[in-house]
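K.L.:
Going by the numbering used here, the sequence shown opens with residue 489, and the numbers climb by one from there.
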Amino acid sequence: MFRFSAVFVFVVVGIMVYTNRVMNRQKLFMTIGMLVCATIPLSATNLKVDFLDGKLEYREKQGDWQQLYIGDVIPKDCSIRLSNHGFAELTTDGRRVTLTQAGIYASFELIGNNPKKGNLRQIIGSKFSTLIIRNPNDTHNTAAAVRAAALDSDDFITWEDESANYLEDGLGLMEAGDFIGARETFKKGSLWESGAAQRECIFRHGIAEQILGNPKLARKALMAVNPTEDDSFLGEYTIMMAIMYLESMEYEQADKTISNYLLTNPSDEDATQAAWLLSAYSLAGLGEDSEVSLKKAIELGPGNEIGMAAADMLK
């Protein structure tokens, strides 16, 4: 049924790449990740329910359907049924699979058994975390926090400060670790900003939701972005969307997203290398096409973790 098993990591909650608009709008990268979840160690043949919205059940052989809840461990070799417009995230051995469509799934297909599939978010996050982190500006962050609090108050109803910069304020709050304030600021920006700033606010809102443990809301926001070729965050968007599609087993959408980005001849080698590796995952099982993507990823950095992971997949 599946060309490649898509159970990836849940250890790293999110990757973030920040944009510095102060000094020539140079993109500076930062990993928000390493927000390690204290999950119960599982064997390679069990799935754990980490997020659930809707109804999720399991059945062993021809037995009755048993309802599942967040935190439950699903027995091995069973059928899994998602219904009621459900959305579920399951983890196994530190990897994640997302169910977004109602239906019946076989647990062994979700778990997979390919020894070469790695901790994809950790591999890509390791590269991004080595880049320069923009230094927090305490004054800017304080002002942003005050504005975000105002946006949350009951008195804030029908007007906006024309001088507000929701994107910059939200980025400042993210750097300060105020993810709730950042989320609310980006939500306002998605309504009141325009053009590229509005699109990036929608994108950052999705990232904030992911960090806060709201994957269904994160997916909804990310799918509403519709970036253009000129948007400075296009590489980041491509990486996040590709991972999201791979984890939900939407391989064609992942391949389409990556291909559209690579056709722009991006100058960002870091995002491009990550895109080539993700392309190999989306094309897994297609032989030469997958190998070409892996070789491209290796060429762009044979000594970093992405390049080494690509080389390992070629073996």
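We put the beta carbon where it would ideally sit given N, CA and C, even for glycine.
Under 8 Å: do the segment 559-571 and the segment 717-731 share three or more Cβ pairs, one atom per stretch?
P.N.:
Output reads no: the segment 717-731 does not touch the segment 559-571.
K.L.:
If you count every other CB in all the chains shown that lies within 10 Å of the CB of Pro790, and 16 or more means buried, which is it?
P.N.:
By the neighbour-count rule (16 or more Cβ atoms within 10 Å), Pro790 is not buried but exposed.
K.L.:
Fully enclosed by the segment 643-696, which alpha helix (DSSP H) runs are 4 residues long or longer?
P.N.:
Within the segment 643-696, the complete alpha helix (DSSP H) segments at least 4 residues long are 654-664, 667-680, listed from N- to C-terminus.
K.L.:
Let me know the secondary structure DSSP gives Tyr557 once reduced to three states.
P.N.:
coil
K.L.:
Go ahead and pull the three-state DSSP assignment for Asn792.
P.N.:
coil
K.L.:
What residue from Gln698, Ser682, Ile699 has the CA that sits closest to Asp719's CA?
P.N.:
Comparing Cα positions, the closest option is Ser682.
K.L.:
Using C-beta distances below 8 Å, list every residue in its chain close to Asp560, excluding the 5 sequence neighbours before and after it, in chain order.
P.N.:
Lys536, Val537
K.L.:
In chain order, what are the residue ranges of uninterrupted beta strand (DSSP E) at least 3 long that sit wholly in the segment 712-764?
P.N.:
none
K.L.:
By how many angstroms is the C-alpha of Asn534 removed from the C-alpha of Lys564?
P.N.:
5 Å
K.L.:
Count the other C-beta atoms from every protein chain shown that fall within 10 angstroms of the C-beta of Met522, then say buried if there are 16 or more, exposed otherwise.
P.N.:
Only weak support is given to the placement of Met522: the predicted model assigns it a pLDDT of 31, under 50, and the value that follows is read from those uncertain coordinates. Exposed.
K.L.:
Have a look at the DSSP bridge pairing and note the partners of Asp541.
P.N.:
Phe575
K.L.:
Look at Ile794 and Ile611 and say whether their C-beta atoms are less than 7 Å apart.
P.N.:
yes
K.L.:
Please state whether DSSP places Leu523 in a helix, a strand or coil.
P.N.:
Low local confidence applies: a pLDDT of 30 at Leu523 is under 50, so the model's placement there is unreliable, with the coordinate-based value given in what follows. Looking at Leu523 - three-state DSSP - the assignment turns out to be coil, as it is neither helix nor strand.
K.L.:
Smallest Cα separation from Lys704: which of Lys784, Tyr733, Arg583?
P.N.:
Tyr733
K.L.:
Could you tell me which residues DSSP pairs with Lys549 in its beta bridges?
P.N.:
Answer is none; Lys549 lacks a bridge partner.
K.L.:
Report yes if the CB atom of Gly542 is closer than 7 Å to the CB atom of His573, and no otherwise.
P.N.:
yes
K.L.:
With distances taken between CB atoms, is the gap from Ser778 to Ala742 smaller than 7 Å?
P.N.:
no
K.L.:
DSSP state of Ile620, grouped into three classes?
P.N.:
Low local confidence applies: a pLDDT of 25 at Ile620 is under 50, so the model's placement there is unreliable, and no value is given.
K.L.:
Look at the alpha carbon of Gly723 and the alpha carbon of Pro754, and state the distance between them as a whole number of angstroms.
P.N.:
A straight line joining the alpha-carbon of Gly723 with that of Pro754 spans about 8 Å.
K.L.:
Just mark Gln761 as buried or exposed, buried being the case when its beta carbon has 16 or more other beta carbons within 10 Å.
P.N.:
buried
K.L.:
Give every residue of the same chain whose Cβ lies closer than 8 Å to the Cβ of Tyr546, excluding the five residues on either side of it in the sequence, and list them in chain order.
P.N.:
Trp553, Gln554, Leu556, Ile562, Pro563, Cys566, Ser567, Ile568, Arg569, Ser595
K.L.:
For Lys803, is the classification buried or exposed, using 16 other Cβ atoms within 10 angstroms of its Cβ as the cut-off for buried?
P.N.:
Around the beta-carbon of Lys803, fewer than 16 other beta-carbon atoms lie within 10 Å, marking it exposed.
K.L.:
Taking Ala576 as the reference, give the member of Thr716, Val780, Gly701 with the closest Cα.
P.N.:
Gly701
K.L.:
Return yes when the Cβ of Leu782 is within less than 7 Å of the Cβ of Lys798, no when it is not.
P.N.:
Rather than Lys, the amino acid found at residue 798 in this sequence is Ala. Yes. Within cutoff.
K.L.:
State buried or exposed for Met801, treating a residue as buried only when at least 16 other CB atoms are found within 10 Å of its CB.
P.N.:
buried
K.L.:
Looking at Phe485: is its Cβ nearer than 7 Å to the Cβ of Tyr725?
P.N.:
The structure shown does not extend to residue 485, since the chain is modelled only from 489 through 803, so no value can be given for it.
K.L.:
Which residues bound the beta strand (DSSP E) around Leu587?
P.N.:
583-587
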